[in-house]
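The block underneath contains the structure these notes are about, expressed in structure tokens.
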Amino acid sequence: MNITKVLIIEDEKLNADRLKRLLKEIKPSIVILDVLDNIADSINWFNSNELPHLVMMDIRLSDGLSFEILETIKIDCPIIFTTAFDEYAVRAFKFNSIDYLLKPVEKIELGNAIQKLDYQKDLQINQQPLQGLLDFIYPKDFRSRFLIPFKDGYKTILVEEILYFYSEFKLTHAQLKCGTVEIVPQTMEELEQQLNPKVFFRANRQFIIHIDAIKRLHNHFNGKLKIEIKNNDQVEILVSREKAQLLKNWLDY
């Protein structure tokens with residue numbers, strides 16, 4: 001079976017339009033089933049539709065990393081990942097025989113990927129390379145501690161001591177259970193990859209929260225959720241309507 005039905009997951013309209021144009025130029029018979037721009041809508045789409053022949057998936061979406069989609073549902077079809085980030089990830093994708101294209105996507109490279117997939121006897125994606133990719137992005141040995149400067153030396157903070165991380169004034173802060181706040185050198189994006197996603201959730205651009213720090217959820221306007229933190233009613237953490245269902249699924253599993 002040749003590739004004819006394609007789903008695009010891309011949050012930048014210019015890039016999505018470029019992919020649609022290139023795919024049609026490469027293979028006019030291709031049908032673009034849909035263009036999705038966030039994780040929640042993508043999960044809903046896969047739960048409501050038959051699998052496409054191919055998914056063009058951007059890694060970084062407006063509401064998080066697209067790997068959250070793959071962790072939530074099983075996608076047994078070829079995926080071509082696109083991104084503008086991380087040359088080391090390129091090696092991981094190539095090593096695992098998963099197609100990976102740097103933005104802006106070039107017509108020749110996309111055409112080669114489509115041709116390779118068209119000639120495959122079985123279009124079912126190999127789950128071993130996909131698992132290798134997820135292990136690379138979300139390693140099994142997640143960060144367990146931080147070494148930070150202290151007085152004339154260093155001290156260690158265990159991850160289990162941290163309630164949540166937040167970004168303020170371009171610095172990343174760790175709120176500890178004991179009430180103190182420490183600054184860690186990692187960005188929020190780096191922490192999102194290094195922390196165990198089973199116990200830490202990227203609520204929004206400013207907060208990453210430990211599951212044990214959540215007291216309860218409150219409905220907010222426009223479908224948003226408000227997270228109430230244990231022993232602290234001064235912190236307001238809002239979760240977008242797009243990520244609200246992901247948060248509830250995460251807490252319910």
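Taken in order, the sequence shown gives residues 1 to 253; the numbers are from full-length UniProt numbering. We put the CB at the ideal spot given by N, CA and C, even for glycine. Remember, it's a predicted structure, so these values are computed and weren't measured experimentally.
What do you reckon, are the CB atoms on residue i and residue j nearer than 7 Å?
| i | j | result |
| --- | --- | --- |
| Ile237 | Ala203 | yes |
| Ile3 | Asp76 | no |
| Ile30 | Gly64 | no |
| residue 315 | Ile162 | Nothing can be reported for residue 315: it is not among the residues displayed for the chain, which extend from 1 to 253. |
| Tyr164 | Gln206 | no |
| Met56 | Ile80 | yes |
| Thr82 | Lys103 | yes |
| Pro78 | Leu51 | no |
| Leu22 | Leu110 | yes |
Am I right that residue i and residue j are in contact with their C-beta atoms under 8 Å? What's the rounded C-beta distance?
| i | j | result |
| --- | --- | --- |
| Phe221 | Ile211 | Not confirmed; about 25 Å, so no contact. |
| Glu182 | Lys107 | Their Cβ separation, rounded to whole angstroms, is 48 Å, which puts Glu182 and Lys107 out of contact at 8 Å. |
| Ile32 | Ile8 | 6 Å |
| Asp58 | Asp11 | 6 Å |
| Phe142 | Asn196 | 4 Å |
| Ser240 | Lys224 | 6 Å |
| Ile114 | Lys27 | 6 Å |
| Asp37 | Trp45 | Not really, about 11 Å apart at Cβ, beyond 8 Å. |
| Ile208 | Ile227 | So it is not a contact: roughly 12 Å between Cβ atoms. |
| Leu19 | Val105 | 6 Å |
According to DSSP, is residue i helix, strand or coil?
| i | result |
| --- | --- |
| Gln234 | strand |
| Gln245 | helix |
| Lys177 | coil |
| Val159 | helix |
| Leu251 | helix |
| Leu171 | strand |
| Asn191 | The sequence shown places Leu at residue 191, not Asn. It is helical. |
| Asn222 | helix |
| Ile3 | coil |
Report buried or exposed for residue i, applying the criterion of at least 16 other Cβ atoms within 10 angstroms of its Cβ.
| i | result |
| --- | --- |
| Gln234 | exposed |
| Ala213 | buried |
| His218 | exposed |
| Lys243 | buried |
| Thr187 | exposed |
| Glu192 | buried |
| Ala174 | buried |
| Lys155 | exposed |
| Ala84 | exposed |
| Leu61 | buried |
| Ser144 | exposed |
Please check if any C-beta of chain B sits within less than 7 Å of the C-beta of residue i.
| i | result |
| --- | --- |
| Val184 | Checking the listed chains, one finds no chain B in this structure; it contains a single protein chain. |
Report the start-end ranges of each alpha helix (DSSP H) in the UniProt domain "Response regulatory" (5-118) that is 4 residues or longer and not cut off at the edges.
Correct list: 13-26, 39-48, 67-72, 87-95 and 107-118.
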